[in-house]
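K.L.:
Each residue of the sequence shown is one higher than the last, beginning at 0 in numbering that gives the first Met the number 0. There's a structure below that I have some questions on.
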Amino acid sequence: MSNPEKKPIVLSCIQPTSIPTLGNYFGALKNWKLMSKDNDCLFAVADLHALTVHPEPAKLRQQTLEMYSILLSIGLDPVKNIVFIQSHVPAHAELAWILNCYTQFGEASRMTQFKEKSIKHTDNVNVGLFDYPVLMAADILLYQANFVPVGADQKQHLEIARDIADRFNNIRGNTFTLPEPYIGKLGAKIMSLQDPTAKMSKSDTNPKASVSILDEPDVIMKKFKSAVTDSEAKVRYAEGKDGINNLMVIYSCCTGKSFEDIEDEFYGKGYGDFKECVAQAVIDELKPVKENFEKYISDKELLMKTAADGAEKALRLANRTLYKAKKKVGLLLDR
Ligand code: TYM
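Structure follows, in structure tokens:
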């Protein structure tokens, strides 16, 4: 990626913890695809981040391949973009260590996700979980990214990445570009279908709460039909109608229709009709992804070759920044 026209650099990653949900798709992946047209983009499977939850090794390897296939299946072109696996580029872990020394314990302790996860998994509050945002900062700063497309839940992690970069630049001289989050107007926080006050999450134990982007059409239909709504029986976007609001957001993300258009379309109709149309729109949206996935996942050789090419390109860029950072902090360089 020579960047002769100085296009903005975009980077984002996703953990291979399980098949992405509609939340991951509308909050992040769909924007990755849109941004990949006009920017110099890097997209990675964040397998090092996934280690914080101690996945079974063979399962992690399989899920990493599946997530890599999904990135190709949503239409990211691995020739125009750099699509890689985080652990294939050792510079991520190396820079994370350097950045650890420029991150205050207090600021890392304030991360909402760390606090929430520590409460949820009291038996495994490991240092990796605490350090998660610093590794994320390394992912971003290594490539001098200008924009990072993420869902709303990652905003705080982007803020700390900026703070770390800014502190490093002030102490050691200009080294890192300060990244900005790119959070879409719609879909930045897709909510659970069973509890629309909580975000849709890959780790939800209630299978009806989240839709995986590879769910079969009949499963998607069933999940939407059982989505929690309210008793007003009127399709309109309003405070206190979290379930309907969430379905309207999803429908709008799929069809591009405004909330006003959606209210007109379903005027006088019941929630049953609406839920069915939302489900059908989701099924149509995901059909090509699912078809592409079947094709990619059965070709391990192609996946491994594409990932190796991606890593080689990423490595070149990453090492440039890592070298600069090492020099700035006073490490004795061997070349
Ligand atoms: P992960 O795998 O948990 O989530 C991937 C992306 O999905 C977004 N997301 C959502 N968006 C809308 N509604 C939801 N319900 C929803 N749930 C998840 C997340 O905001 C995220 O953008 N820490 C990152 C992975 C990462 C990363 C990075 C991201 C590692 N290094 C560097 C950006 C830059 C994460 O949470 O992934």
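Each residue gets a CB set at the ideal place from its N, CA and C atoms; glycine is no exception. A quick note: this is a predicted structure, and the numbers were derived from the prediction, not measured.
Using only alpha-carbon positions, find the residue among 117, 20 and 314 that is nearest to residue 187.
P.N.:
The candidate whose alpha carbon is nearest that of residue 187 is 20.
K.L.:
Quick one: what's got a C-beta closer than 6 Å to residue 314's C-beta in the same chain, skipping five residues either side?
P.N.:
If we look at residue 314 and ignore the five residues flanking it on each side, its Cβ neighbours are 88.
K.L.:
By Cβ distance below 7 Å, which residues in the same chain neighbour residue 141 in space, the five residues on each side in sequence not counted?
P.N.:
90, 91, 94, 317, 320 and 321
K.L.:
Name the two residues that bound the continuous alpha helix (DSSP H) containing residue 181.
P.N.:
Looking at the DSSP string, residue 181 is not in any alpha helix (DSSP H); the run it does join, the beta strand (DSSP E), is 179 to 181.
K.L.:
Decide if residue 96 is buried, meaning its Cβ has at least 16 other Cβ atoms within 10 Å, or exposed.
P.N.:
exposed
K.L.:
Could you spell out where the beta strand (DSSP E) holding residue 40 opens and where it closes?
P.N.:
39 to 44
K.L.:
In three-state DSSP terms, what is residue 190?
P.N.:
strand
K.L.:
Applying the criterion that 16 or more other CB atoms from any shown protein chain within 10 Å of the CB defines a buried residue, is residue 134 buried or exposed?
P.N.:
buried
K.L.:
Residue 225 and residue 18 - do their beta-carbons sit closer together than 8 Å?
P.N.:
no
K.L.:
Given a threshold of 16 other Cβ atoms within 10 Å of its Cβ, counted over all protein chains shown, does residue 161 qualify as buried or as exposed?
P.N.:
Counting the other Cβ atoms within 10 Å of the Cβ of residue 161 gives 16 or more, which makes it buried.
K.L.:
Start and end of the alpha helix (DSSP H) containing residue 302?
P.N.:
299 to 328
K.L.:
Report back the beta-carbon spacing between residue 146 and residue 287 to the nearest angstrom; my notes put them in contact at under 8 Å.
P.N.:
Residue 146 to residue 287, Cβ: 25 Å. No contact.
K.L.:
Name the DSSP bridge partner or partners of residue 204?
P.N.:
None; residue 204 has no bridge partner.
K.L.:
Is residue 25 close to the ligand TYM? I mean its beta-carbon at under 7 Å from any heavy atom of the ligand.
P.N.:
yes
K.L.:
In whole angstroms, give me the CA-to-CA distance for residue 195 and residue 108.
P.N.:
28 Å
K.L.:
In chain order, what residues of the same chain lie with their CB nearer than 8 Å to the CB of residue 299, ignoring the 5 residues before and after it?
P.N.:
64
K.L.:
I'd like to know if the stretch 257 to 264 and the stretch 30 to 46 are in contact, where contact means that at least 3 CB-CB pairs between them fall below 8 Å.
P.N.:
No, they do not touch.
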